[in-house]
Structure formats: C-alpha cells, structure tokens
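So for the sequence shown, my numbering puts the first residue at 1197; every next one is plus one. Cβ coordinates follow ideal geometry from the N, Cα and C atoms, glycine included.
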Amino acid sequence: NQALLALLGLIITGILLAKKVKGALFIGIIATTLIGIPLGVTQLPSGGILSLPPSVKDVAFKFEWANIFTWDMLIVVFSFLFVDIFDTIGTLIGVASKADMLDEEGRLPKVKQALLADAIGTTVGACLGTSTVTTYVESASGVAEGGRTGLTAFTTGVMFLLALILSPLFLMIPGAATAPELILVGLFMMSPIKEIDLDDFTEAIPAFLTIVMMPFAYSIAEGIVFGMVSYAVLKTLTGRHKEVSVTMYILAVLFILKTVFM
C-alpha cells in the first residue's frame, strides 16, 4: 500500500505540475495523505492535534570536553567540516541554478553570506543538541513554486514553528505522501544537466560520477568529491592541467588523503 500510494501521489502531483497549478506540490501531499486514509497508510491522531514540543534542557549545552584535543577528535571535526561544506555548496549551487540566481560564470553571488548563515545555524543547532541545522536540497520545491527571496525561507520557518505545536497533525502525513514530492525535487535538480558538454569527456565523466555517486554514497559531499578528483585527474592526464585551478588540485589531494587514511 505504501508503494501504491506513493505512485498515486506521483501521478497526481505530476498532473498538477503539468497543468501549472500553483501549490502543486503542497496539494499533492494533502491529496495523497487523504487517499492514504482508506488504504490504511495514513494514521489519524489518536488524541488531539495540539502538542507542546519536549524540552531541550536534557541535550542543550551538554558538551563533552574530555577528548577534544585528541587526534581522533581532530579527524572527526575535519571529516564533518568537509561533509558540511560540500553538502552546503552543492545544495546552494543546485537550488540557485534552478532559481536562475547564478551569474554568467556559474557562481553564486553573496555565497560567503550564505555559508556564514549555514555555519551559524550549524553551530547553534549543535549547542542546542539538535541534528545539524543546514541547507537542504528540498528547498528546490520552494523554488519550483516561485520562491525567490528570503520571504520564502522566513515563511517556511514560521510554518515549522507551527508544526512544533501541531506535531500530531503533521506526523499523520505518511512518508508515501512526501516521497513523490522528493522524487520531483530530484527531477527539478536535473535541469542543469543540459549545460554539460557531453562531447568533452573530461567534463562529462566527472559530471556523471558526481550525479551517480550522490545516491550511491547517500551523500552530496561524496558525489562532489568523486567529481572533483576525477576532473583533476582527467584534465591532468590529457594535458589540460591549466584548466584546473590550484584550489581544485589541493582539494583533490586532500580528499584522496582523507579517503586513504581516514
């Protein structure tokens, strides 16, 4: 029933998108959730729809300092650093590309401010004992619905605050109802593929490895790593090393060392 419901949701949402209906993704989630009730997939709240969020006092600011200056901790910190940086950069570039916010050279204006905001969120989230507060590729769904400014993010944040109070209502939405939207977000993120020069294998192969390795490794960062390393290697071995920046070479070497020794 889960798979059937997800398939129905994908068809419904796809039709709405094809008809250019505003709020197609949101309507698709609601419709799929309602269809899931007779199928036994959607579980209605047993109590009320209001619920106060649990206190964070048990996890907030509960730091462990014992092993902070050890080699093992240093490895952990730098591993998370690389993962967070490239997860964030990959998400920012992907979403910004979908929103047509990149400049002529494919760069994101004010990327430093975006990375600073992500860093602050990550730090504050860690202090409060939550999972990483970072940018998510699901933001492409907001872009697909026309979101282009900070008002979109602000509205999403307000809705998350409401979700804390109405958690029983939101928890009734099954994964099969949100899966179609995530599938379509993946479709939205595929649009930049048309910019890849498939006749140049030093460009096409790294791009292919990046795309394929993200789902295989279950990590945006790992996909970018494979793409960057293969790009540097192919350009060098084909005598086109001048097309690769020094920064790219340094990162490629660091990633290889990380893979070998960590």
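Asked                                                                                                            : Found
Member of I1285, T1318, L1324 and V1329 whose CA lies at the smallest distance from the CA of K1308              : I1285
Cβ separation of M1410 and I1416, assumed to be a contact under 8 Å, to the nearest whole Å                      : 6 Å
Cβ separation of L1362 and P1249, assumed to be a contact under 8 Å, to the nearest whole Å                      : Actually they are not in contact, since the Cβ atoms of L1362 and P1249 sit about 11 Å apart, beyond 8 Å.
Spatial neighbours of F1276 in its chain, beta-carbon cut-off 8 Å, leaving aside the 5 residues before and after : none
Length of the line joining the Cα atoms of S1470 and F1397                                                       : Nothing can be reported for residue 1470, as the shown portion of the chain is limited to 1197 through 1458.
Buried or exposed (CB count within 10 angstroms, at least 16 for buried), P1234                                  : exposed
Span of the alpha helix (DSSP H), counted from its first residue to its last, around V1255                       : Here V1255 belongs to no alpha helix (DSSP H), and DSSP marks it neither H nor E.
Three-state class that DSSP yields for V1333 in the structure shown                                              : coil
Reduced DSSP category for I1316 - H, G, I as helix; E, B as strand; rest coil                                    : helix
Candidates A1336, V1354 and L1347, of which the one nearest E1381 by Cα                                          : In the sequence under discussion, the amino acid at residue 1381 is Val, which differs from the Glu named in the question. Minimum Cα distance to V1381 is reached at A1336.
Cβ separation of I1231 and L1204, assumed to be a contact under 8 Å, to the nearest whole Å                      : 6 Å
Local conformation of G1302 per DSSP, three classes                                                              : coil
Helix, strand or coil at W1267 according to DSSP, with G and I counted as helix                                  : helix
Start-to-end residues for the alpha helix (DSSP H) that takes in E1377                                           : G1371 to M1385
Simplified DSSP assignment, three categories, for T1229                                                          : helix
Residue interval of the alpha helix (DSSP H) (run including V1217)                                               : Premise fails: V1217 is in no alpha helix (DSSP H) and is neither H nor E.
I1420 versus F1404 - alpha carbon distance                                                                       : 11 Å
DSSP three-state assignment for Q1239, whether helix, strand or coil                                             : coil
Simplified DSSP assignment, three categories, for S1247                                                          : coil
Exposed unless 16 or more other CB atoms sit within 10 angstroms - verdict on A1167                              : Beyond the ends of the chain as shown, which are 1197 and 1458, falls residue 1167; an answer cannot be given.
Span separating the alpha-carbon of G1321 from that of T1328                                                     : 6 Å
Cβ neighbours of G1338 in the same chain (closer than 6 Å, five flanking residues each side left out)            : T1348
P1376 vs G1243 beta-carbon contact at 8 Å                                                                        : no
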